[in-house]
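By my numbering, the letter at position 44 of the sequence shown is numbered 44, and the numbering carries on one by one without gaps.
Following: one structure in structure tokens, then a few remarks.
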Amino acid sequence: MINPTDDVSFYYLRDFVSVRSSYNVTISYTRISDDVVAFGASFCASHDSFNKKLGRKIARGRMENNPHFVSSPKGNRHHTHNTIVDFLKDGYVMYVPNSFRRK
């Protein structure tokens with residue numbers, strides 16, 4: 001369980017998987033050391049209404065209660081975002097929709 005003492009950051013991604021399937025992704029993350037970030041994510045399918053507040057709540061809850069970790073050097077926010085998205089797309093997280101994952 002993560003109890004973030006540093007600031008928690010949020011990142012939003014609109015990912016077009018195909019013509020009929022797209023997701024609004026909310027990612028919550030916090031740096032737990034100079035080289036490691038803990039994160040959680042929530043997904044909103046194109047047929048659902050995106051709710052920023054709910055997405056943040058779900059993503060942060062997952063980060064705090066069932067975090068995933070990636071290595072990312074401090075000071076490069078875009079690298080951190082890309083590393084988290086790659087981790088999600090590579091299928092390492094069980095709650096990621098199958099159509100969001102890389103084939």
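Backbone N, C-alpha and C fix where the C-beta goes; we use that ideal spot for every residue, glycine too.
A Cβ-Cβ distance of about 6 Å is found for the pair Ser28 and Phe10, placing them in contact under the 8 Å criterion. Cβ-Cβ distances below 8 Å link Thr80 to Tyr29, Val37, Val70, Ser72 in the same chain, with the five nearest sequence neighbours on each side left out; the list follows chain order. Gly40 has its alpha-carbon roughly 10 Å from the corresponding atom of Arg56. The continuous alpha helix (DSSP H) containing Gly61 extends over residues 52-65. Judged by DSSP in its simplified three-state form, Ile84 adopts helix.
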